[in-house]
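Participant: Numbering (the UniProt record's numbering), first residue to last: 1 to 409.
I have a structure I would like to understand better, so I am pasting it below and will then ask my questions one at a time.
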């Protein structure tokens, strides 16, 4: 049941002792504010790392071929090493359990036209798995499928901005666009979070590009993603094994870095995991230290408050107040001040992050923010600490005889 007199008495006590209330509130507000800012900065760094993988999957491995830089088995330096469909199939079958998605890639630049509109765009020959590796999101229609690959179909999937450039507000689905004299049916339009450059790409079936423009089954590169059940160390080992396998298969010296190049995102992932792990520990220690300082501060203030109110407690007991009511008044006042100050500290902390957030971009801190649940938990901990710190002396003071309390006060 709501006791109006009790709350009136609490607010009168807070108003009467403003300096005491401000001191208590400042301790809590400062602790929560600092706690919010620290965790916001930590989250901002994590957001920056996440942005590194916006364009492609964070578990991707890219395989490129080049020219030999070392002689091997009687073969000369500068020999061109090419990748073919059979290399793609070999990797796909050899490492079946370690691969999530895999696709060959062929990059070409085309003059693309529709009626009287045209433009130059990068067109990539891929397999269906490229949708997941490139993080393509289908807006309308579909992506390349196995039937397109098998039958060398003249179908194309275009980015959202190509659709806008060539078709305006008209849907491109079902329309035919011309790639330097050859018509392709638009079967899909996609979006990509990687930015405008990614939405000005187009995709064709790899086999169609090979048949019409290359005349052989060569591929420019092979992209894949490793099984997400693998740790970073396991993924790095997989990448090393894959490199050795391909060098042996293509008669390349084991130490030749140019002929077969494998870019394994697990290396960056491991570095980021190490950095964020260390940063997380550092932020946790600093945050915990801040929280402990706040707990010690509010605890000392509560002990002082109870001692200061000994005479008041004696008067209340002399007027018939029960020990329970005396303890309740002190604790409710403590919880109220701590909760309000904690909320104020949260608002200030969030405000500071929003204010300085844009300028922190140059320090690799992106959208620094903190989840309210973390701050709520920290505030509850402070409230609990203040309540516990005030309960023991308040309980003890409530048992003192009125005459002794009045004499000591």
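Cβ atoms here follow ideal geometry from the backbone N, Cα and C, with glycine treated the same way.
Between which two residues does the beta strand (DSSP E) carrying residue 190 extend?
Facilitator: The count along the chain shown starts at 1 and reaches residue 190 at position 190. Run containing residue 190: 182-191, per the beta strand (DSSP E) assignment.
Participant: Say whether the stretch 244-262 touches the stretch 136-143, bearing in mind that this needs 3 or more beta-carbon pairs closer than 8 Å, one atom from each stretch.
Facilitator: No, the stretch 244-262 does not touch the stretch 136-143.
Participant: Could you tell me which of 180, 396, 164 sits nearest to residue 173, measuring between CA atoms?
Facilitator: Position 173 of the chain shown, counting from 1, holds the residue named residue 173. With distances taken between Cα atoms, residue 173 lies closest to 164.
Participant: According to the neighbour-count rule (16 or more other Cβ atoms, all chains shown, within 10 Å of its Cβ), is residue 378 buried or exposed?
Facilitator: Numbered from its first residue, the chain shown carries residue 378 at position 378. So residue 378 ends up on the buried side.
Participant: Rounded to a whole number of angstroms, what is the C-alpha to C-alpha distance between residue 152 and residue 353?
Facilitator: Position 152 of the chain shown holds residue 152. Position 353 of the chain shown holds residue 353. Going from the Cα of residue 152 to the Cα of residue 353 covers about 53 Å.
Participant: Can you give the Cα-Cα distance for residue 186 and residue 123, rounded to whole angstroms?
Facilitator: Taking the chain shown and counting its residues from 1, the one referred to as residue 186 is at position 186. Taking the chain shown and counting its residues from 1, the one referred to as residue 123 is at position 123. So the alpha carbons of these two residues sit roughly 13 Å apart.
Participant: Buried or exposed for residue 368, going by 16 or more other Cβ atoms inside 10 Å?
Facilitator: In the chain shown, residue 368 corresponds to position 368, counting from 1. Residue 368 is buried by the Cβ-count criterion.
Participant: Report the rounded CA-to-CA distance for residue 77 versus residue 68, giving the unit in angstroms.
Facilitator: One-based indexing of the chain shown puts residue 77 at position 77. One-based indexing of the chain shown puts residue 68 at position 68. So the two alpha carbons sit approximately 5 Å from each other.
Participant: Using the Cα positions of residue 300 and residue 101, report the straight-line distance between them to the nearest angstrom.
Facilitator: Locating residue 300 in the chain shown gives position 300, where the first residue counts as 1. Locating residue 101 in the chain shown gives position 101, where the first residue counts as 1. Between residue 300 and residue 101, the C-alpha separation is close to 59 Å.
Participant: What are the start and end residues of each continuous alpha helix (DSSP H) run of 4 or more residues lying completely inside the stretch 206-251, in chain order?
Facilitator: You should have 206-209, 232-249.
Participant: Could you tell me the alpha carbon to alpha carbon distance between residue 25 and residue 341, rounded to whole angstroms?
Facilitator: Mapped onto the chain shown, residue 25 falls at position 25. Mapped onto the chain shown, residue 341 falls at position 341. Looking at the two C-alpha atoms, the distance is approximately 5 Å.
Participant: So, at 6 Å on beta carbons, what are the nonlocal neighbours of residue 108 in its own chain, with the 5 sequence-adjacent residues on each side left out?
Facilitator: In the chain shown, the residue the question calls residue 108 occupies position 108. Here the set comprises 123.
Participant: Excluding the 5 residues flanking residue 348 on each side, which residues of the same chain have their C-beta closer than 6 Å to its C-beta?
Facilitator: As a working note, residue 348 is residue 348 in the chain shown. Around residue 348: 33.
Participant: Spatial neighbours of residue 227 within its chain, please: CB distance less than 6 Å, with the 5 preceding and 5 following residues excluded, ordered by chain position.
Facilitator: The sequence position of residue 227 within the chain shown is 227, counting from 1. So the list reads 98, 100, once near-sequence residues are dropped.
Participant: Give the straight-line distance between the Cα atoms of residue 39 and residue 336, rounded to the nearest whole angstrom.
Facilitator: Within the chain shown, numbered from 1, the residue matching residue 39 stands at position 39. Within the chain shown, numbered from 1, the residue matching residue 336 stands at position 336. Cα to Cα, the separation comes out at about 25 Å.
Participant: Can you tell me which residues form a DSSP beta bridge with residue 111?
Facilitator: As a working mapping, residue 111 is identified with position 111 in the chain shown. Answer by DSSP bridge pairing, in chain order: 120.
Participant: May I have a chain-ordered list of the beta strand (DSSP E) segments no shorter than 3 residues that lie completely inside the stretch 19-100?
Facilitator: Runs found: 60-65.
Participant: Reducing DSSP to helix, strand and coil, say where residue 1 ends up.
Facilitator: By one-based count along the chain shown, residue 1 stands at place 1. Reliability of the predicted coordinates at residue 1 is poor, the pLDDT of 47 falling under 50, and the value obtained from them is presented with this limitation in mind. Note: residue 1 maps to coil in three-state DSSP.
Participant: With 16 as the cutoff for other CB atoms within 10 Å, does residue 8 come out buried or exposed?
Facilitator: Your numbering for residue 8 matches position 8 in the chain shown. Classification of residue 8: exposed, given that the 10 Å Cβ count is below 16.
Participant: Return the Cβ separation of residue 166 and residue 157 in integer angstroms, given the expectation that the two are a contact with Cβ distance under 8 Å.
Facilitator: Translated into positions along the chain shown, residue 166 becomes position 166. Translated into positions along the chain shown, residue 157 becomes position 157. 14 Å between Cβ atoms; not a contact.
Participant: Figure out for me which residue from 28, 63, 59, 44 has the closest Cα to the Cα of residue 245.
Facilitator: Against the chain shown, residue 245 aligns to sequence position 245. Closest by alpha carbon: 63.
Participant: Classify residue 155 as helix, strand or coil using the three-state DSSP reduction.
Facilitator: Locating residue 155 in the chain shown gives position 155, counting from the first residue. Residue 155: strand per DSSP, three-state reduction.
Participant: Assuming the contact rule is C-beta atoms closer than 8 Å, residue 291 and residue 31 should be a hit. Round their C-beta distance to whole Å, please.
Facilitator: Counting from one through the chain shown, the residue named residue 291 turns up at place 291. Counting from one through the chain shown, the residue named residue 31 turns up at place 31. About 6 Å; that satisfies the 8 Å criterion.
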